[in-house]
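Undergrad: What the sequence shown shows, in mature numbering (1 follows the signal peptide of the UniProt record, and there is no 0), is residues -24 to -1, 1 to 316, in sequence order. Sharing a structure, written as structure tokens. Questions coming.
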Amino acid sequence: MKKFRKLFILGTLMSISAPLALSACSLDQTIENDTYVQFRSHSKTELNIPDHVTKIIPSALFLKHKLQKISAKNIFEIPAELFNYATKGATSGLKSVNFPSVQKVEKETFKGLLNLEEVIMPNVVEVEQGAFENTPKLKNLQLGTLTKIADNAFRKTKSLIDTPKFASSITQLPKGIFSESAIKSFKNENITTIGESAFEKSEIEEINLPNVVKVDKGAFAALKLKKINISSNAKIHSEAFGSKSSQAPKELFNNEGLLVFQDTLFLIDLDKAKNLITSKDKIVTLTLPENIKSINTFAFKQHKGKINKIIAPGVKSIDDEDFEQFKKLGISEIVLFKKS
């Protein structure tokens, strides 16, 4: 009897001293209290996380290549490494993500998920750098009205046509944000700055940003771009349309092979500009139309050594620094506007 009582007392003490934790384990998954710890199935294609779960650890989906669809009603934060834990493409088969309570997408969270087609996160207001980068099949993206966006957020979303809504507080399009995306048009009255390569190599056809005053390098280097509406006083980078005519919007070149925007010459397609070129005594001369009021030196960079003289009747002046750049490109003489 005494031996039994001792064992009973010991067992009672052990029960009292054990940590209070709720753990739900099955062949497919482990959940501890409100935290999703591990999804173990290598054959199931769909995961619906229970409503009482509010957290998920970064390694929970490690190497679950068969997983195609995941949803979690009450998880408020997605670890940046969740879908690419330890290796890129750790959940390479993923097609659909539904996390309605998440408010922020961390840096590169979905980057490189080549089969991802749908992301439903209607409460997201912040998107960090490269969050959806290189998700070429993403078509259905449901986010909230964004108050923060970062570089390359939607770069290489080659199936994404509809863009998220931006809050009025966003005045700058970050670097590469829609580069190589499928968007056809973009309109916003609050944007004042277009970052480097913002629309580069995208499917964009129309840009309507009437209050933009600054355009960075490569921002308009999109082959299908047809129409641009920005401030007439905007400061436009010399390589805004790209550094080569082959990279620039085809329909923005005129019949004479010149890409002229807001009276400035940005690029030349020499194959189409033959009517503007004459040659005498081994001096190749390019005569520009009078509507061109300023010349961008980068317009001649890809044609180095092919043009020796420029006649520009609409241009009033060229500063010494630019003239030195022209000389390096083989242009030794520039004839400008003369007052009558």
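A virtual CB, placed ideally from N, CA and C, is assigned to each residue, including glycine.
#1: Kindly indicate which residue of 10, 142, 15 has the alpha-carbon position closest to the one of residue 2.
#2: Could you tell me which residues DSSP puts in a beta bridge with residue 234?
#3: Can you tell me whether DSSP reads residue 45 as helix, strand or coil?
#4: Find out if the Cβ-Cβ distance for the pair residue 270, residue 291 is shorter than 8 Å.
#5: Please list the segments of the beta strand (DSSP E) lying wholly inside the region 132 to 214, counting only runs of 3 or more residues, in order along the chain.
#6: Under a Cβ-count criterion, where at least 16 other Cβ atoms within 10 Å of its own Cβ denotes burial, should residue 144 be classed as buried or exposed?
#7: Alpha carbon to alpha carbon, what distance is there between residue 130 and residue 56?
#8: Write down the C-beta distance between residue 139 and residue 167 rounded to the nearest angstrom, noting that I regard them as a contact closer than 8 Å.
#9: By how many angstroms is the C-alpha of residue 135 removed from the C-alpha of residue 68?
#10: Determine the burial state of residue 85: buried for a count of at least 16 other Cβ atoms within 10 Å of its Cβ, exposed for fewer.
#11: Would you check if the distance between the CB atom of residue 176 and the CB atom of residue 159 is smaller than 8 Å?
#12: Take the Cβ of residue 157 as the centre, count every other Cβ of all protein chains shown within 10 Å, and call the residue buried at 16 or more, exposed below.
#13: Strictly by DSSP, which residues pair up with residue 117?
#14: Identify which residue in 13, 216, 61 has its Cα closest to the Cα of residue 51.
#15: Run through DSSP, which three-state label would residue 104 get?
#16: When the Cα of residue 341 is compared with those of 190, 23, 21, 31, which residue comes out closest?
#17: For residue 222, which three-state DSSP category applies?
#18: How far does the beta strand (DSSP E) with residue 309 in it extend, from its first residue to its last?
#19: Mapping the DSSP letters down to three states, classify residue 60 as helix, strand or coil.
#20: Give the single residue among 264, 241, 125 whose Cα lies nearest to the Cα of residue 252.
#21: Can you check DSSP and say which residues form a bridge with residue 122?
#22: Exposed or buried, which one is residue 255 when buried takes at least 16 other CB atoms within 10 Å?
#23: If you compare alpha carbons, which of 238, 199, 218 is closest to residue 211?
#24: Comparing C-alpha positions only, which one of 302, 257, 171, 268 sits nearest to residue 277?
#25: Enumerate in chain order the residues of its own chain whose CB-to-CB distance from residue 367 is below 6 Å, with the five nearest sequence positions on each side excluded.
#26: Using only the alpha-carbon positions, how far apart do residue 187 and residue 204 sit?
#27: Once DSSP output is grouped into helix, strand and coil, what is the label at residue 300?
#28: In or out: residue 279 buried (at least 16 other Cβ within 10 Å) or exposed?
TA: Straight from the coordinates:
#1: Against the sequence shown, residue 2 aligns to sequence position 26. For the residues 10, 142, 15, the minimum Cα distance to residue 2 belongs to 15.
#2: Residue numbering aside, residue 234 sits at position 258 when the sequence shown is read from its first letter. Paired residues: 244.
#3: Against the sequence shown, residue 45 aligns to sequence position 69. Three-state result, residue 45: strand.
#4: The residue you call residue 270 lines up with position 294 of the sequence shown. The residue you call residue 291 lines up with position 315 of the sequence shown. Going by C-beta atoms, residue 270 is nearer than 8 Å to residue 291.
#5: Scanning the region 132 to 214 from its first residue to its last, the whole beta strand (DSSP E) runs of 3-plus residues come out as 161 to 163, 182 to 184, 203 to 205.
#6: For this step, residue 144 is matched to residue 168 along the sequence shown. Residue 144 is exposed by the Cβ-count criterion.
#7: As a working note, residue 56 is residue 80 in the sequence shown. As a working note, residue 130 is residue 154 in the sequence shown. Roughly 16 Å between the two C-alpha positions.
#8: To locate residue 139, count along the sequence shown from 1; it is residue 163. To locate residue 167, count along the sequence shown from 1; it is residue 191. Their Cβ separation, rounded to whole angstroms, is 12 Å, which puts residue 139 and residue 167 out of contact at 8 Å.
#9: Indexing the sequence shown from 1 puts residue 68 at position 92. Indexing the sequence shown from 1 puts residue 135 at position 159. About 17 Å.
#10: Mapped onto the sequence shown, residue 85 falls at position 109. It counts as buried.
#11: As a working mapping, residue 176 is identified with position 200 in the sequence shown. As a working mapping, residue 159 is identified with position 183 in the sequence shown. Contact flag unset, no.
#12: Along the sequence shown, read from residue 1 onward, the residue named residue 157 stands at position 181. Classification of residue 157: buried, given that the 10 Å Cβ count is 16 or more.
#13: Translated into the one-based positions of the sequence shown, residue 117 becomes position 141. DSSP output for residue 117 lists 95 as bridge partner(s).
#14: Mapped onto the sequence shown, residue 51 falls at position 75. The residue with the shortest Cα to Cα distance from residue 51 is 13.
#15: Stepping through the sequence shown from its first residue, residue 104 is reached at position 128. Here residue 104 sits in coil by DSSP.
#16: This structure cannot speak to residue 341, because the chain is shown only from -24 to 316.
#17: As a working mapping, residue 222 is identified with position 246 in the sequence shown. Helix, per DSSP.
#18: On the sequence shown, residue 309 is found 333 positions in, with the first residue counted as 1. 309 to 311 is the span of the beta strand (DSSP E), which, as asked, contains residue 309.
#19: Position 84 of the sequence shown, counted from the first residue, corresponds to residue 60. Here residue 60 sits in coil by DSSP.
#20: In the sequence shown, counting from the first residue as 1, residue 252 sits at position 276. Comparing Cα positions, the closest option is 264.
#21: The count along the sequence shown starts at 1 and reaches residue 122 at position 146. BP columns for residue 122 point to 142.
#22: As a first step, residue 255 must be located in the sequence shown, where it is residue number 279. Exposed.
#23: Translated into positions along the sequence shown, residue 211 becomes position 235. Distances from the alpha-carbon of residue 211 to those of 238, 199, 218 put 238 closest.
#24: Translated into the one-based positions of the sequence shown, residue 277 becomes position 301. Ranking 302, 257, 171, 268 by Cα distance to residue 277 puts 302 first.
#25: Because the chain is modelled from -24 through 316, residue 367 falls outside the range shown and cannot be assessed.
#26: The sequence position of residue 187 within the sequence shown is 211, counting from 1. The sequence position of residue 204 within the sequence shown is 228, counting from 1. Looking at the two C-alpha atoms, the distance is approximately 12 Å.
#27: The residue labelled residue 300 in the question sits at position 324 within the sequence shown. The answer is helix: DSSP assigns residue 300 an H, G or I state.
#28: As a first step, residue 279 is located in the sequence shown; it is residue number 303 there, counting from the start. Looking at its Cβ environment, which holds 16 or more other Cβ atoms inside 10 Å, residue 279 is buried.
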